[in-house]
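Notes to accompany the following structure.
Chains as they are written, first to last, in the working numbering: chain A, 103 to 417; chain B, 66 to 415; chain C, -1 to 286; chain D, 60 to 211.
Below, the structure is given as structure tokens:
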């Protein structure tokens, strides 16, 4: 799979069919990969596909000019389709390497399972429905439901629908119900408790904006939090303003968010952001039967309407 | 004179100190390690603590703090300063973060004194705790820091098994130790053990950077746009590496009036954000590669030009926490040793 | 590079971030989007302690909106009030434009270095200004005029986009009448009533061709004007040491702490805003 | 003896200038009775109402927000109210999930001729907000317990 990717990517650059290749290369820490964005055909030798390709590479498409060959897991392919819907990228400028993705390993979960820091683990391997960890000469096994990212367990499209070259065989969704556990728990709380929960979680926010900047759906040239006339929220980390930022961000990406889970993964202070984004994903699914990034010819959610819908919100 | 204390007695020690200080110790509420107000009981951090996510600089330069309040009445505006904060004792600060405090002191001292920072800083006591399990992202030894030794704290603690060796470092540390009860005198053996622990910890730091002649190297390649564009390619311009960095101190000042009550706040800012330098008509660092260059050069070139020290302590937070694994150690190591391409600086503003 | 101007005694004791309250006494509408504000300190005893030099700036607060830096555009030789001029471009400047006479603002300062009077003394001076860039120059120009015998020939070339964009028209009138000054105004585009020169400032400067001998040129205006003015001055024989300008950057603290106004290791707020072209060329960074 | 006065909510109404605003006018001129708790903001179209306006109103302490526009099919700009409908449905559902009482965010279709309906809507909305009480969503106490707010 990697060999095919490398040779195809090299060929695209050599033949001048694309200007850029965006993929993954090994990262500088154990069990990490890092985005590789290059024009140099020799760099394609470093391309990898493994259970640690966490980033959503579609994020880079809006800032890169020219034709791009891009590696896309299911979630990335949906983000790309969503960007096409919004006229942010043109399909003809893309060569998509579809990667059927059986799920990405969540190192934070493994740290808890193994009661060790990630750099203290020696080896992590994925075998079908199990993840095997070696550390201190001991081997332990965990079912994928405990070891993959929640958003991967909930993934509806592990194999991209939109691609030019598919690398490997299609893989089915895992559809593990534990993925929505945290949202279910929240919904059991009374409204005041839910609000207090979010107030407290957001009070940790440092306003690094990693959640926004890592999100392919957050493509505004200038974010509303940076507006000064009027200044909607204080550009400083106070929980009230942090929460408004998250609420509006979620409304802005409604119908664009593909539940790729990046916002939650990158949050340095571990705010459970996916419990916001996934709920929004489900809300638009329920209200408007809309699934983001599935059909590149569909209208974006909030620019489209049906004559009869959502009337029960109005008096 | 070195002393020692059994780990079980740390709780007593902290309670004793809490009479004079607000104690801050590692805590991990919701899984995020930070220096938090000590709850009076928990010393479990001795088992799990490697380093905090939020750097302890937040105790002196909070992410957000009130500078003053203002209110308008019949006679016009009235300005009111916030009350003085409590004296802080930071328990368990790592040598890298302690050095960071010394480094950013430079910025807040000088010609103009910054009262908000210095008042907190001058009244605080730092109790260092040697780091015996440095992570793979740590590279402090390349920056002249030893993970379990420090001259930048008031007291230094070293894990020697069931006990912690307590060494006074500064005058304030000596004073504190003199009036602290419950410490035992350390034996020669204890001190030898601590020495061994420090050496082992030092050798565990495997990540290295080549900081040799870095000021000159960065100056030489400052205008090499191609180099910086390549370095910056995967950066997403978030503020993680700066806001959580123990030596990044840049800040913003904002006003707010809420229900007639005006407040001026200061909050951390980041050179990674385009708005950081944005003026209404132009922005000198609108491009991402210029912002990445500023970040690297500020730490490794501009800051040492002004204050001698490199503004990096190799704590590894930026490496660990970066969403895209942008690794400053790789960047620094890849800055060419020789004179790079130089832009011709003619014709005024570029 | 760091200048050794010691902090002004005027600054709030113990806390340099605390503004002093000042009251706006007069507002002059210079152009549709530029206003000059005359102000004095509310506490009259502060008024006495306040000293500054031409080229220095202050941080002005509109309480509840924020703080922004502007140079003091009046001359230290004329002390019955202070002045600053503001172009309406952003949050704080818009708020300032909404204020009326009698409104209270906050003032911290003076900050930064100043035009080197000792270096200018006994020399010919060429002032080249564009648009609102005249504000810092006019502080120095009046300073020089009030000590006229200390300087030799004075040339002022000032331009704006259109006649309506010319600031400080009352000053322009006064300088035009002053026989000891060679004064030229120009506009990029004239109108029916415009009788002065038409053409961009660098072009007019080239035509005027002031001698570089024993002369210092002080340039201030929009970046594009400065960019084209330095080469003209170079052609006229000025050395980089003979060209001065003031730089502008986004600032918050005004005292070199908050980080954003740096050009390499130089902080415009603390080490500037006045620099010679020679200094600028020696910067590590090209971000000016 | 101190007289117990009932707590009165403060509401913001974003009214489309082409219909609901005129409807409010009509309610006034035809002397329909409705509670005086609403501060009215005239907007060019219900489609102009950014969810941010709603959040800002709640942040400022208003107890409820009403968005009112032309009936579906009657938009002066053809589709503005259809778009508003999607946006409000999304905003309201999401805020409800976060713990904001649905009574605080209300929407209605009121035409220029429906002075009576306008009065009824305001009465219902006011009563709804009275049920859920004062808006304390953004008051300081909510974030308590999280030490990191102030420091980290």
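For each residue, glycine too, the CB sits at the ideal point set by N, CA and C. Computed from a prediction, not measured in an experiment: that's the story for all the values here.
Test item: CB-CB of residue i and residue j under 8 Å
{"i": "residue 174 of chain B", "j": "residue 153 of chain B", "result": "no"}
{"i": "residue 268 of chain C", "j": "residue 278 of chain C", "result": "no"}
{"i": "residue 201 of chain B", "j": "residue 271 of chain B", "result": "yes"}
{"i": "residue 316 of chain B", "j": "residue 256 of chain C", "result": "yes"}
{"i": "residue 122 of chain D", "j": "residue 78 of chain D", "result": "no"}
{"i": "residue 344 of chain B", "j": "residue 338 of chain A", "result": "no"}
{"i": "residue 33 of chain C", "j": "residue 90 of chain C", "result": "no"}
{"i": "residue 282 of chain C", "j": "residue 287 of chain B", "result": "yes"}
{"i": "residue 134 of chain C", "j": "residue 244 of chain C", "result": "yes"}
{"i": "residue 20 of chain C", "j": "residue 105 of chain C", "result": "yes"}
{"i": "residue 214 of chain B", "j": "residue 263 of chain B", "result": "yes"}
{"i": "residue 326 of chain A", "j": "residue 111 of chain D", "result": "yes"}
{"i": "residue 192 of chain B", "j": "residue 219 of chain B", "result": "yes"}
{"i": "residue 407 of chain A", "j": "residue 76 of chain D", "result": "no"}
{"i": "residue 112 of chain A", "j": "residue 146 of chain A", "result": "yes"}
{"i": "residue 101 of chain B", "j": "residue 86 of chain B", "result": "no"}
{"i": "residue 199 of chain A", "j": "residue 173 of chain A", "result": "yes"}
{"i": "residue 248 of chain A", "j": "residue 304 of chain A", "result": "no"}
{"i": "residue 214 of chain C", "j": "residue 157 of chain C", "result": "no"}
{"i": "residue 89 of chain D", "j": "residue 416 of chain A", "result": "no"}
{"i": "residue 73 of chain D", "j": "residue 108 of chain D", "result": "yes"}
{"i": "residue 432 of chain A", "j": "residue 386 of chain A", "result": "Residue 432 of chain A is absent from the model: chain A starts at 103 and stops at 417."}
{"i": "residue 255 of chain B", "j": "residue 69 of chain B", "result": "yes"}
{"i": "residue 72 of chain B", "j": "residue 227 of chain B", "result": "yes"}
Proximity winner among the options, relative to residue i (alpha-carbon distances)
{"i": "residue 144 of chain C", "options": "C:36, C:172 and C:162", "result": "C:172"}
{"i": "residue 308 of chain A", "options": "B:240, B:113 and B:306", "result": "B:306"}
{"i": "residue 312 of chain A", "options": "A:275, A:276, A:351 and A:282", "result": "A:351"}
{"i": "residue 135 of chain D", "options": "D:103, D:147, D:154 and D:160", "result": "D:103"}
{"i": "residue 228 of chain A", "options": "A:250, A:240 and A:367", "result": "A:250"}
{"i": "residue 144 of chain A", "options": "A:304, A:394, A:157 and A:115", "result": "A:115"}
{"i": "residue 140 of chain B", "options": "C:60, C:88 and C:41", "result": "C:41"}
{"i": "residue 264 of chain C", "options": "B:268, B:370, B:319 and B:117", "result": "B:370"}
{"i": "residue 360 of chain B", "options": "B:302, B:329 and B:347", "result": "B:302"}
Anticipated Cβ contact below 8 Å, residue i with residue j, distance rounded
{"i": "residue 159 of chain A", "j": "residue 124 of chain A", "result": "5 Å"}
{"i": "residue 115 of chain D", "j": "residue 334 of chain A", "result": "6 Å"}
{"i": "residue 98 of chain D", "j": "residue 117 of chain D", "result": "About 14 Å separates the two Cβ atoms, so there is no contact after all."}
{"i": "residue 219 of chain C", "j": "residue 131 of chain C", "result": "3 Å"}
{"i": "residue 128 of chain D", "j": "residue 140 of chain D", "result": "4 Å"}
{"i": "residue 50 of chain C", "j": "residue 39 of chain C", "result": "In fact, because the Cβ distance is near 12 Å, the residues do not count as touching under 8 Å."}
{"i": "residue 174 of chain D", "j": "residue 86 of chain D", "result": "4 Å"}
{"i": "residue 260 of chain A", "j": "residue 275 of chain A", "result": "6 Å"}
{"i": "residue 166 of chain B", "j": "residue 125 of chain B", "result": "7 Å"}
{"i": "residue 113 of chain C", "j": "residue 154 of chain C", "result": "Actually they do not touch by this definition, with Cβ atoms about 15 Å apart."}
{"i": "residue 365 of chain A", "j": "residue 177 of chain A", "result": "About 12 Å separates the two Cβ atoms, so there is no contact after all."}
{"i": "residue 223 of chain A", "j": "residue 216 of chain A", "result": "6 Å"}
{"i": "residue 205 of chain C", "j": "residue 350 of chain B", "result": "About 37 Å; that fails the 8 Å criterion."}
Under 9 Å from the C-beta of residue i: neighbouring residues of chain E
{"i": "residue 331 of chain A", "result": "Chain labels in this structure do not include chain E; the protein chains are A, B, C and D."}
Pairing CB atoms from the region 335 to 348 of chain A with CB atoms from the region 277 to 295 of chain A, are three or more of them under 8 Å?
no
Looking at chain B, which residues of the region 82 to 96 of chain C have a Cβ within less than 7 Å of any of its Cβ atoms?
87 and 88
Three-pair Cβ contact test at 8 Å for the region 10 to 18 of chain C versus the region 165 to 181 of chain B
yes
According to a CB-to-CB cut-off of less than 9 Å, which residues of the region 375 to 406 of chain B neighbour chain A?
382, 384, 385, 386, 387, 388, 389, 390, 391, 392, 394 and 395
Can you confirm whether the region 375 to 393 of chain B touches the region 323 to 340 of chain B when touching is taken to mean that 3 or more C-beta pairs between the two stretches lie within less than 8 Å?
no
Which residues, taken in chain order from the region 124 to 158 of chain D, show a beta carbon closer than 8 Å to some beta carbon of chain A?
131, 132, 138, 141, 142, 144, 145, 146, 147, 148, 149, 150, 151, 152, 153, 154, 155, 156, 157 and 158
Can you give me, in chain order, the residues of the region 12 to 31 of chain C that have a beta carbon less than 9 Å from any beta carbon in chain B?
12, 13, 14, 15, 16, 17, 19 and 21
Counting Cβ pairs, one atom from each stretch, are 3 or more of them under 8 Å apart for the region 370 to 381 of chain A and the region 192 to 209 of chain A?
no
Quick one: which residues of the region 51 to 73 of chain C get their C-beta closer than 7 Å to a C-beta of chain B? List them in chain order.
61, 62, 63, 64 and 65
Should the region 212 to 231 of chain A be called in touch with the region 173 to 184 of chain A, which here means at least 3 C-beta pairs below 8 Å?
no
Cβ contact check for the region 367 to 375 of chain A and the region 392 to 412 of chain A: 3 or more pairs under 8 Å
no
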